[in-house]
Structures are given as C-alpha cells and as structure tokens.
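In the working numbering, the protein residues as written are 399 to 748.
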Amino acid sequence: MKFFHNFGQSLGTSAHDMAIDLGTVNTVVYARGQGIVLNEPSVVALETQNGVRRVKVVGNDAKLMMGKTPSNIEAIRPLRDGVIADIDVAEQMIKHFIDKVLGGASRLRRRSNVVICVPSGSTMVERRAIRDAAANAGAVSVQLVEEALAAAIGAGLQVAEPRGAMVVDIGGGTTEVAVLSLSGIAYSTSVRVGGDKMDDMISSYIRRKHNLMIGEMTAERVKLAIGCAVPPEGEGMVISVKGRDLVNGRPAEIRVSEAEIAEALAEPVGQIVSAVRAALEQTPPELSADIIDEGIMLTGGGALLGRMDEAIAQATGLDVRVADNALICVAIGAGQAFEEPAYHGVLIAG
Ligand code: ADP
Ligand code: MG
399 MKFFHNFGQS LGTSAHDMAI DLGTVNTVVY ARGQGIVLNE PSVVALETQN GVRRVKVVGN
459 DAKLMMGKTP SNIEAIRPLR DGVIADIDVA EQMIKHFIDK VLGGASRLRR RSNVVICVPS
519 GSTMVERRAI RDAAANAGAV SVQLVEEALA AAIGAGLQVA EPRGAMVVDI GGGTTEVAVL
579 SLSGIAYSTS VRVGGDKMDD MISSYIRRKH NLMIGEMTAE RVKLAIGCAV PPEGEGMVIS
639 VKGRDLVNGR PAEIRVSEAE IAEALAEPVG QIVSAVRAAL EQTPPELSAD IIDEGIMLTG
699 GGALLGRMDE AIAQATGLDV RVADNALICV AIGAGQAFEE PAYHGVLIAG
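Encoded structure:
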C-alpha cells in the first residue's frame, strides 16, 4: 500500500514558501526546506530623474552607496525607526527580495505562502501595511508572527511549554523585551534604542571630544571593532578613525580607545538595561520564578556588542546568554514556525 507522504503539498504549501524577517537594518529570508537564503541590508537607493523617483538598487548594492551618493541618488532605510517610515519604498524592497529568492521561477507558477515577522509593538495599521506589501509582491497567503516568539524559537527555547522565558532582541532601531509562555507573549515592551542609537552616540562623542566629523558607516565600524557595554580596565584597545576635522575642514585621523567608546555607549546601554529591569518588574510571579531558573536570552545584532550580556547580568543578577545565531535567529525561528506543526500556533492568519 502506498501512503500519501506529501502532507505539506496537500495543505497547499509549496517549495516557494518563505519566512521574512524585515529588520530595520537587515532583511533575512528563510525558504522552506532550504534554510537561510538571503541576508542583506534593508537599504534602497532611489534615483530621481526629471522629477520621477524610482528604485535603482536594493540591499547590499544600496548599502555600499550610503553616505556616498551624488545629489540625484538617495540611499534610504525604509524601516529605520522600527516601523515603516516609507511604505512605498518598503513595499518595493520586499518585492525585490521576494523576486530575488524566487529567482527564475515564473510569476504564474509561483504560489508562495509568506510569513513575515512583526514587532509586538506594531499597530494594526502597520501590520496591515506589511501584509499588503507582501501580497502586492505576489504572495498568495501572508501570515504574521511576533518577532519575539520567532527569536525565541530560533534561539532554541521551548516556547510551547507552560514555562516563562525572557527574550531581549536588540535590533538596529529598537530593543524588544518579551516574556513568553505557552506560545504566547505574557508581557512585552519596546524601546527605540538599538544599534543605530549606539552609532549616533559614537559619532557625537567623537565630534565633541575630538572635533572630528565621521559618517554613519564609520561609526558602525568603530562599534564593531571596539564597542563595549562595560568599560575595560584602563583604556583597552585603541584604533584609528578617519573623518573631517571640524576646525580646519580637512580630512584627519585620530585615535580612540575602547574606554572612550564604552563611555559614549553608556547611555543607550543603560536604556536597554532599564527596559529589561522594567519588564522583570512587570512579569507575573510564576513566570519570574521560571526566568530565575532559565535566565535571559539575547538576540539581534546588538546582542553581539562586547560584554552586552555582562551588562544585563550585572544589573539583574540573572544568567544571560547570547543566541548562537543572534543575527539570523528571528528568520530561522519564523521558518521553523511554518515547517513544524508544533509551532503553527504562533502564526497569525491573514
Ligand atoms: P534589525 O533586526 O533591526 O535589522 P539586526 O538584528 O540585524 O537589526 O542588528 C543590526 C544591528 O546590530 C546594527 O546596528 C549592527 O551595527 C549591530 N551589530 C551587528 N554586529 C554587531 C557586533 N558584533 N557588535 C555590536 N553591534 C553589532
Ligand atoms: Mg530584528
């Protein structure tokens, strides 16, 4: 006797199904049966010709242009502040990435079911906008999943259990703190502090202390090289940074230390730590007890800031771990949510 194994197909799923983590800084796509197939900056370069604005390039190519565009080209991040700042451009970006993942598949034969991650703080209007953008990009069905749940699944936490878990996702625009239990969100809060704010603080510190203007990309590079949430003993590592001298306007190079950058980052790190403490104060006691045992899981690119885990551990007295795949675990978790029936409960139907 022949059994009908192709269960997925019978539910109308196809090889073109994908989960999209539409981050403020990076977009990551997980394809059914394949894993992560795309990981590119959420950047769009727009060109204006004869008063008409059109998309020139998207993703990696667009990021290379940031801060270096001629006057008729503008490289923007349509999701910059954690919400969709420019819906038309965001929609074209989603469309571009979906097309790229589907490659040569003809539009008519595509039957993509798409899962998109949304921040818990997003409004109905924002969710509707994201859903419409994916539908306009050719998805036959669009489901949503809360980012915090996806992050937890991707980080390997057992979200379906009646046991509290805390996830702190530190992205580019926002930090989301969530307490999860039974595949749902028991408490969540979000602050508009993340990697972007850290970069801004580094720029303004270097401008103030060293009279040097640096670009956004340079500030990020400094953060990746010597950024630290807890000050080192002494001055720590020292690197050189290039920019424009504010006094004489000439290109210049200065040296900056890990201790200085830790000082520049004290405020955003403090705001993230406060959000975690506030969430712990709001957590129902039974779940708090679980968090004491399980600790806190950090995800998102900001979790990779030097000693971020230590800063939160010091402030809370709890165990803090950084997810193995911090930058991609939201997309991995969202992918698992549609691949594994045990997680289907986290998907919000369209
Ligand atoms: P989003 O989900 O908002 O797109 P991500 O989770 O992709 O954001 O994280 C992007 C942010 O993480 C950027 O601000 C980036 O500079 C920062 N980041 C990435 N790696 C590191 C690192 N090693 N140290 C500090 N920050 C990092
Ligand atoms: Mg994210």
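Yeah, the Cβ is synthetic: ideal placement off N, Cα and C, and Gly gets one too.
Cβ pair residue i, residue j closer than 8 Å
{"i": "Ala527", "j": "Ile485", "result": "yes"}
{"i": "Ala735", "j": "Val728", "result": "no"}
{"i": "Ala488", "j": "Pro476", "result": "yes"}
{"i": "Val591", "j": "Ala584", "result": "no"}
{"i": "Ile418", "j": "Val512", "result": "yes"}
{"i": "Gly570", "j": "Asp594", "result": "yes"}
{"i": "Leu725", "j": "Gly704", "result": "no"}
{"i": "Gly552", "j": "Ile434", "result": "no"}
{"i": "Pro517", "j": "Glu574", "result": "yes"}
{"i": "Ala721", "j": "Thr697", "result": "yes"}
{"i": "Thr675", "j": "Ala713", "result": "It should be noted that the sequence gives Arg, not Thr, for residue 675. Closer than 8 Å, so yes."}
{"i": "Ile568", "j": "Ala701", "result": "yes"}
{"i": "Leu444", "j": "Lys454", "result": "yes"}
N- and C-terminal bounds of the beta strand (DSSP E) containing residue i
{"i": "Ile474", "result": "471-474"}
{"i": "Ile746", "result": "From DSSP, Ile746 is part of no beta strand (DSSP E); its letter is neither H nor E."}
{"i": "Ile726", "result": "Per DSSP, Ile726 belongs to no beta strand (DSSP E) and is neither H nor E."}
{"i": "Lys466", "result": "Here Lys466 belongs to no beta strand (DSSP E), and DSSP marks it neither H nor E."}
{"i": "Met416", "result": "416-420"}
Residue i burial status per 10 Å Cβ neighbour count (16 or more: buried)
{"i": "Arg606", "result": "exposed"}
{"i": "His403", "result": "Unreliable positioning characterises His403 in this predicted model, as indicated by a pLDDT of 38, which lies under 50. The coordinate reading is nonetheless provided below. Per the 10 Å Cβ criterion, exposed."}
{"i": "Arg452", "result": "exposed"}
{"i": "His414", "result": "buried"}
{"i": "Ala740", "result": "exposed"}
{"i": "Asp530", "result": "exposed"}
{"i": "His494", "result": "buried"}
{"i": "Ile690", "result": "exposed"}
{"i": "Ala429", "result": "buried"}
{"i": "Gly733", "result": "buried"}
{"i": "Gly632", "result": "exposed"}
{"i": "Leu500", "result": "buried"}
{"i": "Gln541", "result": "buried"}
{"i": "Ser448", "result": "Contrary to the premise, residue 448 reads as Asn rather than Ser in this sequence. It counts as exposed."}
{"i": "Ser588", "result": "buried"}
{"i": "Ala687", "result": "exposed"}
{"i": "Leu663", "result": "buried"}
Where the alpha helix (DSSP H) through residue i begins and ends
{"i": "Ala676", "result": "656-680"}
{"i": "Pro683", "result": "683-692"}
{"i": "Leu622", "result": "614-624"}
{"i": "Val499", "result": "485-500"}
{"i": "Asp717", "result": "Taken as a continuous stretch (DSSP letters only), Asp717 belongs to no alpha helix (DSSP H), as it is neither H nor E."}
{"i": "Asn458", "result": "458-461"}
Neighbourhood of residue i by C-beta distance below 8 Å, restricted to the same chain and skipping five residues each side
{"i": "Asn534", "result": "Glu489, Lys493"}
{"i": "Ala558", "result": "Leu580, Ser581, Ala740, Tyr741, Gly743"}
{"i": "Gly634", "result": "Ile624, Cys626, Ser655, Glu656, Ala657, Ala660"}
{"i": "Glu614", "result": "Met464, Gly465, Asp597, Ser601"}
Sequence-distant residues of its chain with Cβ nearer than 6 Å to residue i (five each side left out)
{"i": "Val456", "result": "Val442, Met491, His494"}
{"i": "Cys515", "result": "Asp419, Val543, Glu545, Ala548, Val728, Ala732"}
{"i": "Gly641", "result": "Leu610, Met611, Ile612"}
Sequence-distant residues of the same chain with beta carbon closer than 7 Å to residue i, five excluded per side
{"i": "Gly360", "result": "An answer regarding residue 360 cannot be provided, because it is not within the stretch 399 to 748 covered by the chain."}
{"i": "Ile746", "result": "Gln541, Leu542, Val543"}
{"i": "Glu737", "result": "Arg430"}
*3 or more residues per run - each beta strand (DSSP E) lying fully within the region 525-585*: 539-544, 563-568, 573-579
*Which ranges does the beta strand (DSSP E) cover as unbroken runs of at least 3 residues, wholly within the region 584-608, from first to last along the chain?*
Those beta strand (DSSP E) runs which fall completely within the region 584-608 and span 3+ residues do not exist here.
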